[in-house]
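Chemist:
Dropping the structure here:
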C-alpha cells in the first residue's frame, strides 16, 4: 500500500465541513462519501477517488475548505488512485444525455395538487435511472409538503425546475428517456467511471456499515411529526430510509442540531439491542403520534391495583381513538314525545305475537331508522379517503351497541328494512343474550351501515356518541322521562325520549342531519303508519 493525500476536488467557492462520513482505520471504497460540505446555498458529499484504509484526517469539523485543500491521508491499494491530467478530481454535473433512435423522450408535468408549491428538494439528478413511482422532487406549500413521483421508468435527461422554483398544475418538471429496456447512461466526469453503489450492509462482525452515497443534493429541512424542523444531509436521510428509521425520532449531535449518519447508525444499533422494532413510535407517544398523558406514581397516594384490559376492550379503545381522530364529529340533539308509542307497547301481548317477551323501544327505533336510511341515502355511505370517493350502499344493516361483561360489542341486524317488529324484537333479544354469554361470532359483528347506542334506563339526559367508522352516523338514545307538554290549551304529562345524532361532517351537512332527525321524530310520535 502507498499513502495518498486526497485533495478537495473542484467546487464553486468554499464551504464548511459539517460531517465526517468515515473515520481513521475504516475501509473506504471508490465513490464512498468522505465528508459533507455545506455552503450558504446547499450541501454536498465529497466522494473518495480511491479505495484504501483511512490513515488520518488533515482537516477538522468546522474548517472552511476550497478546491485543492488537503483533506485526508489514505493507505491506498495498488493501482487504485485515479488521476486526471492535472491530478485533481472534478465533480462537474454530467452533460445532458443525447437520446438514441430507440429511445422515447417524454416531458413529465406537474399534476393538479390543489395550488402552488415550492420545490424544496430534488431527489434525482441528470443521468439517474428511475422506476415508476420513485420520488423526483419534494414540494412544499404553506399548508403541507408532498412528494412528486415519476410517472414512468427511464433515465433523467434534463431537470426543468430547480430547488426554490414555484410549481403548479402543468409546470414541466423533467425530461426523461423512456425505452423498452433502459440502461443507466455512463456519467461523464474527468476522473470517475460509473461506480455501482452498495446497499447498507455489515462489515462481517455485525457492525452496521452504510456505504451507499448520494453525490450532490440540496439540504432539506424536513418537518418532524411534532411540527419542529430537523437538518440532515443526503447520506443521513438515505441511511435512515435503508434502516427504516423516522428521522423525527432522532436528536442530532452535529452542529446546529444536525442529524449525522452516525446518529442513525447508533439509533439502529440501540433498537436492535433493545428488541424495539425500528420505525415504531417512541414510548412517550401513543399509536396516534399524539403525546400521551403522563402518569403519576399513584402508589404514592395510596393502595393501587393494575388490571389488564380484555381483548375486546383493547380493540374498542384503538378503534374509538381512530374514529375520534379521523372523523369530524357534529352531534344534533332532539326530544321526542313517545307517549302513544309507550301506550301501544305496554298493551302488546307477547305470546299472541310470537314474541319471546314484551319488546323494548329499541326494535321500533331500529325499524324507523331503517326507513330513514332508505329515505336519506347520504347516511348509508362510507368515505374512501384514499381515493376521494363516496361508497353508496344498497343494503341496510344496523348495529346495536351492547354492554357485555367483556366490553362494548356491536352485533349487526342484517337487512333490517325487510324485517317486521316481531322479527326485529326477537333478533335483538337473541343477539343480546349471545353478547352477554360471550358467544357472538365475528361475522355477527361485521357489515354494519349505521349504529344505534341506547343507554336504556341507566341514566342520563343525553350524550355524544362516537361515530363507528367507516360508518358516517350513529344514533344515541338516552333515558326517557315524564315531562309536562303544552297541547295548545293546557299542560299534559308526556313521555319524552332524548335522541342524539352524531354524524361525519365530511359526508353529511347540518341540513341533511336535521331532515334525518325530523323523519325519526315524526315516525316515533305517530308509530301507527310505520307499522303498516
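Numbering (the working numbering), first residue to last: 427 to 958. Just so it is clear, CB atoms sit at the ideal spot from N, CA and C, and this is done for glycine as well. Just so you know, these numbers come straight off a predicted model, no measurement behind them.
#1: Taking Cβ to Cβ, would you say residue 752 is nearer than 8 Å to residue 825?
#2: For residue 689, which residues from the same chain have a beta carbon less than 7 Å from its beta carbon, with the 5 sequence-adjacent residues on both sides left out?
#3: Helix, strand or coil for residue 784, going by three-state DSSP, please let me know.
#4: Can you give me the start and stop residues for the alpha helix (DSSP H) that residue 951 sits inside?
#5: Which runs of the beta strand (DSSP E) fall wholly inside the region 427-502 and span at least 3 residues, in chain order?
#6: Please report the straight-line C-alpha distance between residue 900 and residue 879, rounded to a whole angstrom.
#7: State the beta-bridge partners of residue 602 as determined by DSSP.
#8: In angstroms, rounded to a whole number, what distance separates the CA positions of residue 634 and residue 691?
#9: Roughly how many whole angstroms lie between the Cα atoms of residue 686 and residue 670?
#10: Give the range of the beta strand (DSSP E) segment to which residue 918 is assigned.
#11: According to the Cβ coordinates, are residue 444 and residue 464 closer than 8 Å?
#12: Which one of 497, 492, 487 has the shortest CA to CA distance from residue 481?
#13: Which of helix, strand or coil does DSSP assign to residue 696?
#14: The alpha helix (DSSP H) with residue 766 in it runs from where to where?
#15: Between the alpha carbons of residue 830 and residue 546, how many angstroms are there, rounded?
#16: So residue 532 packs on residue 604, CB below 8 Å; how close in whole Å?
#17: Take residue 490 and list the residues in its own chain whose beta-carbon comes closer than 6 Å to its own, dropping the five residues that flank it on each side.
#18: What's the C-alpha gap between residue 853 and residue 674?
#19: Using the C-alpha atoms, what's the distance from residue 868 back to residue 724?
#20: Give me the residue from 863, 875, 903, 746 with the minimum Cα distance to residue 806.
#21: DSSP three-state label for residue 805, please.
#22: Give a yes or no on whether the C-beta atoms belonging to residue 891 and residue 926 are separated by under 8 Å.
#23: Check for me: the alpha helix (DSSP H) holding residue 836 runs from which residue to which?
#24: Just the Cα atoms here: how many angstroms apart are residue 886 and residue 904?
#25: Give every residue of the same chain whose Cβ lies closer than 8 Å to the Cβ of residue 943, excluding the five residues on either side of it in the sequence, and list them in chain order.
#26: Using a threshold of 8 Å, state whether the C-beta atoms of residue 487 and residue 548 are closer than that.
#27: What span of residues does the beta strand (DSSP E) with residue 848 cover, start to end?
#28: Is there contact here, the region 786-798 with the region 763-776, by at least three beta-carbon pairs under 8 Å?
#29: For residue 718, which of helix, strand or coil comes out of DSSP?
#30: Give me the Cα-Cα distance between residue 478 and residue 494, rounded to the nearest whole angstrom.
#31: Would a C-beta distance cut-off of 8 Å place residue 870 and residue 848 closer than the cut-off?
#32: Would you mind giving the Cβ-Cβ distance between residue 897 and residue 808, rounded to the nearest angstrom? I have them listed as a contact below 8 Å.
#33: Once the 5 residues before and after residue 818 are set aside, which same chain residues still bring their CB inside 6 Å of it?
#34: For residue 827, list the residues DSSP reports as bridge partners.
#35: Which word fits residue 703, buried or exposed, when buried means at least 16 other C-beta atoms lie within 10 angstroms of its C-beta?
#36: Of the residues 832, 841, 814, which one's Cα is nearest the Cα of residue 820?
Modeler: Short version:
#1: Stepping through the chain shown from its first residue, residue 752 is reached at position 326. Stepping through the chain shown from its first residue, residue 825 is reached at position 399. No. Outside cutoff.
#2: Indexing the chain shown from 1 puts residue 689 at position 263. So the qualifying residues of the chain are 676, 678, 679.
#3: As a first step, residue 784 must be located in the chain shown, where it is residue number 358. In the structure shown, residue 784 sits in coil (DSSP, three-state: anything other than H, G, I, E or B).
#4: What you label residue 951 is simply residue 525 of the chain shown in a count that begins at 1. Residue 951 -> alpha helix (DSSP H) spans 936-951.
#5: 428-433, 441-446, 459-464, 469-473, 478-483, 496-502
#6: Reading the chain shown from its first residue, position 474 is the one you call residue 900. Reading the chain shown from its first residue, position 453 is the one you call residue 879. Cα-Cα distance, rounded: 7 Å.
#7: One-based indexing of the chain shown puts residue 602 at position 176. DSSP, once it has assigned bridges, lists 532, 582 as partnering residue 602.
#8: On the chain shown, position 208 is the one that residue 634 refers to. On the chain shown, position 265 is the one that residue 691 refers to. Note that residue 634 has pLDDT 45, beneath the 50 cutoff, so the model's placement of it is unreliable and the number below is only indicative. Residue 634 and residue 691: Cα-Cα distance of roughly 7 Å.
#9: Translated into the one-based positions of the chain shown, residue 686 becomes position 260. Translated into the one-based positions of the chain shown, residue 670 becomes position 244. For residue 686 and residue 670, the distance between alpha carbons rounds to 16 Å.
#10: One-based indexing of the chain shown puts residue 918 at position 492. Run containing residue 918: 917-930, per the beta strand (DSSP E) assignment.
#11: Residue 444 sits at position 18 when you count from the first residue of the chain shown. Residue 464 sits at position 38 when you count from the first residue of the chain shown. Taking 8 Å as the Cβ cut-off, residue 444 and residue 464 qualify as a contacting pair.
#12: Within the chain shown, numbered from 1, the residue matching residue 481 stands at position 55. Checked all of 497, 492, 487; the closest Cα to residue 481 is 497.
#13: For this step, residue 696 is matched to residue 270 along the chain shown. DSSP places residue 696 in helix when its eight states are reduced to three.
#14: Taking the first residue of the chain shown as position 1, residue 766 is located at position 340. Residue 766 -> alpha helix (DSSP H) spans 765-772.
#15: Locating residue 830 in the chain shown gives position 404, where the first residue counts as 1. Locating residue 546 in the chain shown gives position 120, where the first residue counts as 1. Their backbone Cα atoms lie some 53 Å apart in a straight line.
#16: On the chain shown, residue 532 is found 106 positions in, with the first residue counted as 1. On the chain shown, residue 604 is found 178 positions in, with the first residue counted as 1. Their Cβ separation, rounded to whole angstroms, is 6 Å, which keeps residue 532 and residue 604 in contact under 8 Å.
#17: Counting from 1 along the chain shown, the entry for residue 490 is found at position 64. The answer, listed in chain order, is 440, 442.
#18: As a working mapping, residue 853 is identified with position 427 in the chain shown. As a working mapping, residue 674 is identified with position 248 in the chain shown. Their backbone Cα atoms lie some 51 Å apart in a straight line.
#19: Here residue 724 is taken as the residue at index 298 of the chain shown, counted from 1. Here residue 868 is taken as the residue at index 442 of the chain shown, counted from 1. Taking the straight line from one Cα to the other gives about 38 Å.
#20: Within the chain shown, the letter at position 380 stands for residue 806. The residue with the shortest Cα to Cα distance from residue 806 is 875.
#21: Mapped onto the chain shown, residue 805 falls at position 379. Helix.
#22: Reading the chain shown from its first residue, position 465 is the one you call residue 891. Reading the chain shown from its first residue, position 500 is the one you call residue 926. For residue 891 and residue 926, yes; Cβs fall inside 8 Å.
#23: Within the chain shown, numbered from 1, the residue matching residue 836 stands at position 410. Run containing residue 836: none; DSSP gives neither H nor E here.
#24: Indexing the chain shown from 1 puts residue 886 at position 460. Indexing the chain shown from 1 puts residue 904 at position 478. Distance between the alpha carbons of residue 886 and residue 904 is about 6 Å.
#25: Within the chain shown, numbered from 1, the residue matching residue 943 stands at position 517. 758, 760, 925, 927.
#26: If you number the chain shown from 1, residue 487 lands on position 61. If you number the chain shown from 1, residue 548 lands on position 122. Not in contact: residue 487 and residue 548 (Cβ atoms no closer than 8 Å).
#27: Counting from 1 along the chain shown, the entry for residue 848 is found at position 422. Note, residue 848: premise wrong, no beta strand (DSSP E); alpha helix (DSSP H) at 847-862.
#28: yes
#29: One-based indexing of the chain shown puts residue 718 at position 292. In the structure shown, residue 718 sits in coil (DSSP, three-state: anything other than H, G, I, E or B).
#30: Taking the first residue of the chain shown as position 1, residue 478 is located at position 52. Taking the first residue of the chain shown as position 1, residue 494 is located at position 68. Rounded to the nearest angstrom, the two C-alpha atoms are 20 Å apart.
#31: In the chain shown, the residue the question calls residue 870 occupies position 444. In the chain shown, the residue the question calls residue 848 occupies position 422. In this structure, residue 848 does not lie closer than 8 Å to residue 870 by Cβ.
#32: Numbered from 1 along the chain shown, position 471 holds the residue referred to as residue 897. Numbered from 1 along the chain shown, position 382 holds the residue referred to as residue 808. With a Cβ gap of about 7 Å, residue 897 and residue 808 count as contacting.
#33: Stepping through the chain shown from its first residue, residue 818 is reached at position 392. 807.
#34: Residue numbering aside, residue 827 sits at position 401 when the chain shown is read from its first letter. Beta-bridge pairing links residue 827 to 879.
#35: Stepping through the chain shown from its first residue, residue 703 is reached at position 277. For residue 703, the predicted structure reports a pLDDT of 43, less than 50, and the residue's modelled location is therefore unreliable. A value from the coordinates is still provided. Burial call: exposed.
#36: Indexing the chain shown from 1 puts residue 820 at position 394. Among 832, 841, 814, the Cα nearest to that of residue 820 belongs to 841.
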